[in-house]
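*Asks:*
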Amino acid sequence: MQLSGLVKRFGEKVAVAGLDLTVPTGSFYGLVGPNGAGKTTTLSMATGLLRPDAGTARIHGVDVWAQPVEAKRLIGNLADGVRLFDRLTGEQLVTYTGMMFGLSREEVASRTADLLRIMDLGEAAGTPVVDYSAGMTKKVALACALVHAPRLLVLDEPFESVDPVSAANIEDILRGYTASGGTVIVSSHSMDLVQRMCDHVAVIAQGRLLASGTVDEVRGAQTLQDRFVELVGGRHHSEGPQWLRQS
Ligand SMILES: Nc1ncnc2c1ncn2[C@@H]1O[C@H](COP(=O)(O)OP(=O)(O)OP(=O)(O)O)[C@@H](O)[C@H]1O
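Residue numbers for the sequence shown, in the numbering used here: 15 to 261.
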């Protein structure tokens, strides 16, 4: 994936200020930054959900905004805060998504069964998604992102609310996916997760790229957490306000 000169303004606010980023095929790429850094806005522009004010996004050479249908076939997207058709059951929702991508009924049925099993949603397959917990909703959304076997997976905070066993299962699936040539971009606030899973990382703040490269290049001799705080700043070495102390 290649992002060139991406810009997005919301009124006076510049959310993304001319961002260039190249994500190599087969990489597991972490996107990190403080709250409000522009991660979700960047990923939304990169996946065809939010039109950039300037710049381009290309996936395997396909321009996301000039050739949206071709681009969307290549992308599996787990977006932050996007509403699902949650009156459908988990099984119906994954089936519907697969059929939207033009898969045959038999193929969709078999992939849906595989994905629900992997996500540990087998028992909840017939339950409306509106009745799912936050973690179950995240998992069914991830199943929807995977059903058409995309070449690029874009995951905004995929492990938020997901229990540790499910997270470990999902991590295994994602590792297998990149090992077979798939590319994953994951935005996360968990430096441990990025250090453990990602081979590359980009740090953004105030809509700008502060550092990018392999995880080892970006962190140098420090932990990723320390390097992140050094790059981004804003750490308050204080025990909090006096009125909050108990004695
Ligand atoms: N629809 C919108 N309208 C107005 N401002 C927006 C909109 N979406 C995002 N912003 C602003 O753009 C900036 C970047 O937001 P964004 O959601 O991309 O950050 P983020 O890095 O994903 O943050 P977080 O880690 O908190 O999820 C923020 O200042 C936010 O308030």
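C-beta atoms are modelled at their ideal positions from N, C-alpha and C, and glycine is treated no differently. Since we're looking at a predicted model, the values are computed, not measured.
(1) With a threshold of 8 angstroms, establish whether the CB of Lys53 neighbours any heavy atom of ligand 1.
(2) In angstroms with no decimal places, state the Cα-to-Cα distance between Asp77 and Ser41.
(3) Does the stretch 124 to 140 come into contact with the stretch 95 to 111, if we say contact requires no fewer than three beta-carbon pairs (one atom in each stretch) closer than 8 angstroms?
(4) With three or more beta-carbon pairs closer than 8 angstroms as the criterion, would you say the stretch 79 to 87 touches the stretch 198 to 209?
(5) Would Ala216 and Gly44 be called neighbours here (beta carbons separated by less than 9 angstroms)?
(6) Do Asp170 and Thr54 count as a contact pair if the criterion is CB distance below 9 angstroms?
(7) Considering Cα atoms alone, identify which of Met211, Val243, Gln220 and Glu244 is closest to Thr228.
(8) Three-state secondary structure (DSSP) at Tyr146?
(9) In chain order, which alpha helix (DSSP H) runs of at least 4 residues are fully inside the stretch 150 to 207?
(10) From Thr36 to Ser147, what distance separates their C-alpha atoms?
(11) Tell me whether Thr61, by its Cβ, gets closer than 8 angstroms to a heavy atom of ligand 1.
(12) Might you give, ordered along the chain, the residues of its own chain that have their beta carbon closer than 8 angstroms to the beta carbon of Arg259, omitting 5 neighbours on each side?
(13) Looking at the strands, I want to know which residues DSSP matches up with Arg222.
(14) Taking 8 angstroms as the line, does the beta carbon of Asn91 fall inside it for any heavy atom of ligand 1?
(15) Just checking: is the beta-carbon of Val246 within a distance shorter than 9 angstroms of some beta-carbon in chain C?
(16) Measure the alpha-carbon distance for Gly196 versus His250 and round it to whole angstroms.
(17) Is any heavy atom of ligand 1 found at a distance shorter than 8 angstroms from the C-beta of Asp77?
(18) Can you look up Thr103 in the DSSP assignment and give me helix, strand or coil?
(19) Do Arg72 and Met15 count as a contact pair if the criterion is CB distance below 9 angstroms?
(20) Can the beta-carbon of Leu167 be found less than 9 angstroms from the beta-carbon of Val122?
(21) Does the distance between the C-beta of Ile218 and the nearest non-hydrogen atom of ligand 1 fall short of 8 angstroms?
(22) Among residues of its own chain, excluding the 5 on either side of Phe242, which ones have a beta-carbon nearer than 7 angstroms to its beta-carbon?
(23) Can you list the beta strand (DSSP E) stretches of 3 or more residues lying completely in the stretch 28 to 102, in chain order?
(24) Taking just the CA atoms, how far does Leu245 sit from Leu224?
(25) Identify which residue in Leu135, Arg165 and Glu231 has its Cα closest to the Cα of Asp177.
(26) Bridge partners of Arg233, per DSSP?
(27) Please indicate yes or no: does the CB of Ile153 lie closer than 8 angstroms to some heavy atom of ligand 1?
*Replies:* The structure says:
(1) yes
(2) 20 angstroms
(3) yes
(4) no
(5) yes
(6) Taking 9 angstroms as the cut-off, the Cβ atoms of Thr54 and Asp170 count as close.
(7) Met211
(8) coil
(9) 178 to 193
(10) 35 angstroms
(11) Of the heavy atoms belonging to ligand 1, none sits nearer than 8 angstroms to the Cβ of Thr61.
(12) Glu253
(13) Ala219
(14) Every heavy atom of ligand 1 is 8 angstroms or more from the Cβ of Asn91, so no.
(15) Looking for chain C here will not work: only one protein chain is present.
(16) 40 angstroms
(17) no
(18) Three-state DSSP puts Thr103 in a strand.
(19) yes
(20) Cβ distance not < 9 angstroms, so Leu167 and Val122 don't count as in contact.
(21) yes
(22) Excluding sequence neighbours, Phe242 sits near Val46, Met205 and Val217.
(23) Segments of the beta strand (DSSP E) lying fully in the stretch 28 to 102: 42 to 46, 68 to 73 and 89 to 92.
(24) Here the alpha carbon of Leu224 sits roughly 7 angstroms from the alpha carbon of Leu245.
(25) Leu135
(26) Its beta-bridge partners do not exist; DSSP assigns none.
(27) First, the amino acid is wrong: residue 153 is Lys here, not Ile. No, Cβ of Lys153 sits at least 8 angstroms from all heavy atoms of ligand 1.
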